[in-house]
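Top line first, the protein sequences correspond to chains A and B.
Everything in the first sequence is counted per the working numbering, starting at -4 for the first residue and increasing by one.
Everything in the second sequence is counted per the working numbering, starting at -4 for the first residue and increasing by one.
Here a beta-carbon is modelled for each residue, glycine too, at the ideal position from N, C-alpha and C.
Below is one structure; the comments refer to it alone.
There are 2 protein chains.
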Amino acid sequence: MEQRLAPNTKLSEARLCETFGVGRMRIRRALLLLSSQGIIELQSNRGAYVACPDKSEANDVFAARMLIEPPLVRQLAQNPGDVNLALLTNHIALEDAARKKKERTEIIRLSGEFHTKLAQASGNKFIFRMMRELVTRTSLIVGLFGSSENASCPDDEHGNILKAIQSHDPELAEQLLISHLNHIQSGLDMEARQQPQDDLAAILGSD
Amino acid sequence: MEQRLAPNTKLSEARLCETFGVGRMRIRRALLLLSSQGIIELQSNRGAYVACPDKSEANDVFAARMLIEPPLVRQLAQNPGDVNLALLTNHIALEDAARKKKERTEIIRLSGEFHTKLAQASGNKFIFRMMRELVTRTSLIVGLFGSSENASCPDDEHGNILKAIQSHDPELAEQLLISHLNHIQSGLDMEARQQPQDDLAAILGSD
DNA sequence: TTGACAATAATTGTTAACAATCGTGAACTG
DNA sequence: CAGTTCACGATTGTTAACAATTATTGTCAA
């Protein structure tokens, strides 16, 4: 999710055990769940590897988001609810703070989380889960096909979407979100994919 | 999915082991995956129970389907593709055959599968997975809140939807599907839920 | 130098025993 | 007789050793 592990990175059980200080059972349970969400790939007798989505899968993810998110935001703008507005406003503040401090991984994390919070605001548990999966995969894809550093959500589009929701403008909110998704997608270079490297040390280093 | 296990049925590991003739590890892996899909509930130190969705979760599932399926079918009707039409036509034939033979569990299974095949026809792997989960949960819900036996998809609505797709009529297809979902939902009695019983013997009997 | 082959090392998959937790029922007390 | 407590049985969670598979390295021959 924070793009600290490159796609195709091998995740050895023993390594993960000592990294997180837990038994093999916990690790295997976690790997199974991650693979069921398509975040890693579990190859029989060969181990776990960070998923490496191809062009087709990337398009699937964006198509699914285009299908779900616009009507979601439209609906939210029609009837936001005070609690949701407070939560989202607070989130935007966090994003701004992280952007000011130039904390890269935090910015990436929060950028994704904004979209999951939109889904959470719908109050629909299923849609919330779906969106969480979609956002995670989007992070993977941006990490793979992201051409430059502006890969994370551009500028303050999140803030503008929230403003549209606050002013009960479903049309505008929907339109802004569509543009936002398009910006993310058009910032990708679908042909030249990033070189898959093996650096699990990234996690070890900061732990 | 076939409604042979009532909600809240306890799924003991030992029982499942001897039923399927596999080790405890396999069972636990399967239970973990099922719980991640919301089909069963894993209570810590207490075991696995068939999920028992409440009114709110049931509404979530239908709301999610209402969000996703209509635009999906509309899109499919605009550009079906010969392979998809063949697959769907073949599926309708299977449904008819099962209905003629009055094979209840088969009818239930195929009724759900029709919707997942609609999603499969979109060619989007994500949407396919989502729909499969939604359909499974719908089966659970119909089993819980279904008032009479006509709970399974009424008459030949599936066939009509397919016809609309075949004749490239997106509006009609979308409208028929919306009606179809409404029929399913309105056939439920959201208040008086079925009595949760414990009959894992159902599986043992037919195995 | 390159290719195939074999042996070894490393890693994953499985099994079985052990520990911990929870529900139940009997015994006891007020 | 009601309520509480304790102990037992059953079930789940964990650990560790073992088996099976795969990857790697070294050797030999062309």
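- Uninterrupted alpha helix (DSSP H) stretches at least 4 residues long and entirely within the segment 79 to 130 of chain A occur at 99 to 116, given in chain order.
- Contacts between A:Lys120 and chain B, judged by CB atoms closer than 7 Å, involve Glu52 and Asp55 in chain order.
- For the segment 54 to 82 of chain A, the set of residues with a beta-carbon nearer than 8 Å to any beta-carbon of chain B comprises Asp55, Val56, Ala58, Ala59, Leu62, Ile63, Pro66 and Leu67, in chain order.
- Close to chain B, meaning a Cβ-Cβ distance shorter than 9 Å, are the following residues of the segment 26 to 41 of chain A: Leu27, Leu28, Ser31, Gln32 and Gly33.
- For A:Ala46, the three-state secondary structure derived from DSSP is coil.
- The DSSP-derived three-state label of B:Gly138 is helix.
- Three or more beta-carbon pairs drawn from the segment 34 to 52 of chain A and the segment 125 to 144 of chain A are found closer than 8 Å, and the two stretches are therefore classed as touching.
- Secondary structure at B:Glu36: strand, using DSSP grouped into helix, strand and coil.
- Annotated three-state conformation of A:Leu6 is strand, per DSSP.
- Counted as a single uninterrupted DSSP element, the alpha helix (DSSP H) harbouring B:Gly154 occupies residues Glu152 to Gln161.
- Our two residues, A:Ala59 and B:Gln73, have alpha carbons roughly 18 Å apart in a direct line.
- For B:Leu0, the secondary structure class from DSSP, reduced to helix, strand or coil, is coil.
- By the Cβ criterion, the segment 86 to 101 of chain B is not in contact with the segment 108 to 127 of chain A, since fewer than three pairs of Cβ atoms, one from each stretch, lie closer than 8 Å.
- A direct Cα-to-Cα measurement between A:Leu113 and A:Val68 gives close to 7 Å.
- With distances taken between CA atoms, A:Asn79 lies nearest to A:Ser117 out of A:Leu183, A:Met(-4) and A:Ser117.
- Its Cα nearest to that of B:Ser162, the residue B:Gly76 stands out among B:Cys12, B:Lys5, B:Gly76 and B:Met(-4).
- If you look at B:Leu183, you'll find it isn't in any alpha helix (DSSP H); DSSP assigns it neither H nor E.
- With a threshold of 8 Å between beta carbons, A:Arg24 makes contact with chain B.
- For A:Met125, at least one C-beta of chain B is nearer than 8 Å to its own C-beta.
- For B:Arg132, the three-state secondary structure derived from DSSP is helix.
- In the three-state scheme derived from DSSP, where H, G and I count as helix and E and B as strand, B:Val56 is classed as helix.
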